[in-house]
Amino acid sequence: MMLFLRRATHLFTMAIVLGTLMACGGETVQSESPIVVNKSPNDERDYAAVTLDNGLKVLMVSDPATEKSAAALSVGVGAFSDPMDFQGMAHYLEHMLFMGSESFPEPDGYMNFAAENGGSSNAYTSSEITNYMITIENTAFPEALHRLSEFFSAPILDPGYIQKEKNAVNAEWSMRRESEGRSIYRLQRALLGEHPANRFTIGNLETLADKSDRELHPATIAFFEKYYSANLMSLVLISPLPAAEMAVLAEQYFSLIPNKNVEKPVVTTEVSFDDVAGKLIRFKPQRDLRELRLSYL
């Protein structure tokens, strides 16, 4: 999939909301009082939020005027948590989860279902979250939620698709590695020394190759089992359905995701500002470009 978000406006908004929800950490205790959702006075849509019994946080947006429904689920783990011997793991796992689940084993079934029902689906991996999203015709929304939920409750993770998805990840890296933006990103990253932000986050055939003492597939399953826990997940739903009906759908499908009471990954490595800050760097672009960039750490 993509390492960066390029989606419709309402999904972009959902992703921002998910980032805010993920910042709340990995607490699993369900609130005894109703969750208050603050919204703009100009926003006429109805909002409601619940925490499922497994600790998964759900925000529901009821919009009778919306022509399509959408869902986005964010997992509170990203590239900063990649194992050093398999850099790009979080991104690679994101790809593998599209390769079928117990109820929907077809490797292209999820993407085909979205396309056949007037929608689209995608995902992206960032430093501290991985986000999965889908837009769909309103009538197909319940099945879309069923399919999406099984990414996390019943994925197959078939080793038969290892090479296919390694190639897909490598293709993303190859497509971007010579771009101006990617070169500047690598330069900025290199200034951070041993900080996790200096890891190779996208992955390629070399970083995802089997190692002499550990193979990729069991390492992928271990990564999934370690971090993909309901208490580290947040879900946003938007559809014409009343919030109460969306809550029933969320409970029906997403409550099956196991809660492993995982502690949210936290980066404790400090950046040495004496080594990084206060630098003037001259970069020779490939294009005829004159630009001043100020970066704040």
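Here this note's numbering is used: the first residue of the sequence shown is 11, the next is one more, and so on. Backbone N, C-alpha and C fix where the C-beta goes; we use that ideal spot for every residue, glycine too.
Expressed to the nearest angstrom, what Euclidean distance is found between the alpha-carbon atoms of residue i and residue j?
{"i": "P206", "j": "F90", "result": "5 Å"}
{"i": "L304", "j": "L202", "result": "16 Å"}
{"i": "D53", "j": "K176", "result": "43 Å"}
{"i": "A75", "j": "A253", "result": "14 Å"}
{"i": "A154", "j": "D284", "result": "50 Å"}
Based on the DSSP output, what are the partners of residue i in its beta bridges?
{"i": "A249", "result": "The identity of residue 249 in the sequence shown is Ser, whereas the question assumes Ala. S72, per the DSSP bridge assignment."}
{"i": "T135", "result": "T140"}
{"i": "M109", "result": "Bridge partners of M109: none, in fact."}
{"i": "K7", "result": "Since the first residue of the chain shown is 11 and the last is 307, residue 7 is not available in this structure."}
{"i": "P152", "result": "According to DSSP, which records beta bridges pairwise, P152 is partnered with nothing at all."}
Going by the beta-carbon positions, is the gap between residue i and residue j smaller than 8 Å?
{"i": "Y171", "j": "M109", "result": "yes"}
{"i": "L167", "j": "L83", "result": "no"}
{"i": "A260", "j": "V68", "result": "yes"}
{"i": "K78", "j": "N148", "result": "yes"}
{"i": "S239", "j": "N269", "result": "yes"}
{"i": "L66", "j": "F264", "result": "yes"}
{"i": "A81", "j": "L245", "result": "yes"}
{"i": "E182", "j": "I212", "result": "yes"}
Does any heavy atom of the ligand NAD sit closer than 7 Å to the C-beta of residue i?
{"i": "Y102", "result": "No copy of the ligand NAD appears in this structure; indeed no ligand is present at all."}
In its own chain, which residues sit with a C-beta less than 6 Å from the C-beta of residue i, not counting the 5 before and 5 after it?
{"i": "N180", "result": "N214 and L215"}
{"i": "E112", "result": "A164"}
{"i": "V277", "result": "F90 and P206"}
Spatial neighbours of residue i within its chain, please: CB distance less than 7 Å, with the 5 preceding and 5 following residues excluded, ordered by chain position.
{"i": "P169", "result": "H227"}
{"i": "S130", "result": "A124 and T145"}
{"i": "G36", "result": "Residue placement at G36 cannot be trusted, given a pLDDT of 42 that sits under 50; the coordinates are not used to answer."}
{"i": "G88", "result": "A100, T135, S136, S137, E138, I139 and T140"}
{"i": "A200", "result": "N208"}
Contact check, residue i vs residue j under 8 Å by CB: the rounded distance?
{"i": "F161", "j": "Y142", "result": "6 Å"}
{"i": "Q97", "j": "T217", "result": "4 Å"}
{"i": "M70", "j": "A257", "result": "6 Å"}
Among the residues of its own chain, which have a CB less than 8 Å from the CB of residue i, if the five just before and after it don't count?
{"i": "P250", "result": "S72, D73, P74, A75, T76, S79 and N148"}
{"i": "A229", "result": "P93, D95, F96 and M99"}
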